[in-house]
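Trainee:
There are 2 protein chains.
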Amino acid sequence: MKLYQSNASPNSRRVRIFLAEKGISMPLVPVDLGAKEQFSEAYTKINPRRVVPTLVLEDCTVIGEVPAIQRYLEEIYPEPPLFGATPKTRAQVAMWDRRVEMEGFASVMEAVRNAVPRLKSRAIAGPHDYEQIPALVERSRKRVENFYADFNARLADVPFIAGDEFSVADITGLVTVDFATKGADLPIGDEHPALKRWYGSVSARASMAA
Amino acid sequence: MKLYQSNASPNSRRVRIFLAEKGISMPLVPVDLGAKEQFSEAYTKINPRRVVPTLVLEDCTVIGEVPAIQRYLEEIYPEPPLFGATPKTRAQVAMWDRRVEMEGFASVMEAVRNAVPRLKSRAIAGPHDYEQIPALVERSRKRVENFYADFNARLADVPFIAGDEFSVADITGLVTVDFATKGADLPIGDEHPALKRWYGSVSARASMAA
């Protein structure tokens, strides 16, 4: 089993942190996004969608899409559970992880990809080119602010995003905040103390260096 | 257990078809989107995101987000498996279902929500208002066309979206095509024979009337 990934890719980091929380190590094969290696013939044979990360199993089965990779790893290495320990908590983790992804992570990605000059015709990752839409930058930044406000309210009630236990939703959340801070100059403001408390606690975990 | 849902909501239909494939029935509580009932005090207490569908368990646990609802139902009613029967097939189903959602379903939703006059300040579902961005309509329609071409190529190789077996990815795909056809006048063209063959076979299942 090996992971094709990039240290510059927030989606790759979601899987690296997941591996570190599980205490799993595996070969990490670097894909140089700066040199557009994801569009190379060799890599598109592995993942026709031309995105990282991709997990490749011993029998050459290819698993793309971060949540699919994470769920496969959860099945193979169940401890500690990062998708919840019972059907009900698994449903809560799935719900909250998705909300973080759709409202937070996807908004930051959209803000960055529609603004960065070198991504001019690459506003959406994947096999097809799409031109940037400038109006999306402002809207996406507003969505990140709304995400912060909504999750600040959520985290005033519970220690972790999905409830009482650390889960994959916190990994997605942490990567989202770091990506927003570094990629879009949108750090958590002082008006969101619960979100800041959560960020401080989660970012102190050893796995987050991954 | 009961499902708050709307017959006018493609996301609700994804869960109704899932229930029908499992042979499960449960009370369906209608939420009248035309009358903006999802914004009522009563409904926002159930689901603060103000979207349908929502699954509410006997103990009042609330599960929102379609894939979270579907995965919970899969755990409680494992037969027939709609998320795959082995770790490897489950990974393939998760990967393909997500691709259908992100590339197909989300594109149709974006095309519709940015175009329909009555959704003027509701370009994104959820608790926050966002104005429509006209440039998104054209781009989303292009994304739907690319989705059709990509999945026509996929379905030239395999009978179902995730491979040899019918799965939740086919439900998401079928709802996507019907939504594109009725909501955005984007039916599958004759240039996509494999996709048409798949659509004919999947739409003939009794569950699709749900």
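Quick note, the sequences are listed as chains P and X, same order. Take the first sequence: its letter number 207 is residue 200 in our numbering, and every next letter is one higher. Take the second sequence: its letter number 52 is residue 45 in our numbering, and every next letter is one higher. Quick reminder that beta carbons are idealized off the backbone N, C-alpha and C, glycines included. Please read these numbers as outputs of a predicted model, since none were measured by experiment.
1) Comparing alpha-carbon positions, which option in A61/X, A13/X, A99/X lies nearest E138/X?
2) Please state whether DSSP places V22/P in a helix, a strand or coil.
3) At least one CB of chain X closer than 8 Å to the CB of Y36/P: is that the case?
4) To the nearest angstrom, report how far apart T169/P and G97/P are at their CA atoms.
5) Using a beta-carbon distance cut-off of less than 7 Å, what residues from the segment 61 to 72 of chain P approach chain X?
6) Decide if the segment 151 to 163 of chain X is in contact with the segment 68 to 85 of chain X; the criterion is three or more beta carbon pairs, one per stretch, under 8 Å apart.
7) If we ignore side chains and look at the alpha-carbon of each, how far apart do P71/X and K15/X end up?
8) Which chain X residues sit within Cβ distance under 9 Å of T54/P?
9) If the cut is a Cβ gap below 7 Å, which residues of chain P does R106/X touch?
10) Only counting the same chain, and skipping five residues up and downstream in sequence, which positions put a Cβ closer than 6 Å to that of G176/X?
11) Can you tell me whether F32/X is helix, strand or coil according to DSSP?
12) Do V93/X and I181/X have their beta-carbon atoms positioned less than 8 Å apart in this structure?
13) Over what stretch of residues does the alpha helix (DSSP H) that includes T169/P continue unbroken?
14) Examine chain X for any beta-carbon lying closer than 8 Å to the beta-carbon of M88/P, and answer yes or no.
15) Taking buried to mean at least 16 other C-beta atoms within 10 Å of its own C-beta, is T47/P buried or exposed?
16) Buried or exposed for E51/X, please, with buried defined as at least 16 other CB atoms from any protein chain shown within 10 angstroms of its CB.
17) Please list the residues of the segment 126 to 144 of chain P that have a C-beta atom closer than 8 Å to any C-beta atom in chain X, keeping them in chain order.
18) Output yes if chain X places a C-beta closer than 8 Å to the C-beta of E58/P; else output no.
19) List, in order along the chain, the chain X residues whose C-beta lies closer than 8 Å to that of R91/P?
Mentor: In terms of the structure at hand:
1) Comparing alpha carbon positions, the residue from A61/X, A13/X, A99/X closest to E138/X is A99/X.
2) Shown here, V22/P sits in a strand according to DSSP, grouped into three states.
3) Not closer than 8 Å to any Cβ of chain X, the Cβ of Y36/P fails to qualify, so no.
4) Spanning the two alpha carbons is a distance of roughly 6 Å.
5) Of all residues in the segment 61 to 72 of chain P, those with a C-beta nearer than 7 Å to a C-beta of chain X are A61, R64, Y65, E68, I69, reading in chain order.
6) Touching, per the Cβ criterion.
7) Rounded to the nearest angstrom, the two C-alpha atoms are 8 Å apart.
8) Chain X residues near T54/P: K81, A84, Q85.
9) Under a criterion of Cβ atoms nearer than 7 Å, no residue of chain P is adjacent to R106/X; the nearest Cβ is some 13 Å distant.
10) Cβ neighbours of G176/X beyond the five flanking positions: V105.
11) Under the three-state reduction of DSSP, F32/X is assigned to helix.
12) Going by C-beta atoms, I181/X is not nearer than 8 Å to V93/X.
13) Element bounds for T169/P: 161 to 177.
14) So yes, M88/P belongs to the interface.
15) So T47/P ends up on the buried side.
16) So E51/X ends up on the exposed side.
17) Within the segment 126 to 144 of chain P, contact with chain X at the beta-carbon level (separation under 8 Å) is assigned to I126, A128, L129, R132, K135, R136, N139, D143.
18) Interface flag for E58/P against chain X is set, since a Cβ pair is found closer than 8 Å.
19) Using a Cβ-Cβ cut-off of 8 Å, R91/P is close to E58, P60, A61 of chain X, given in chain order.
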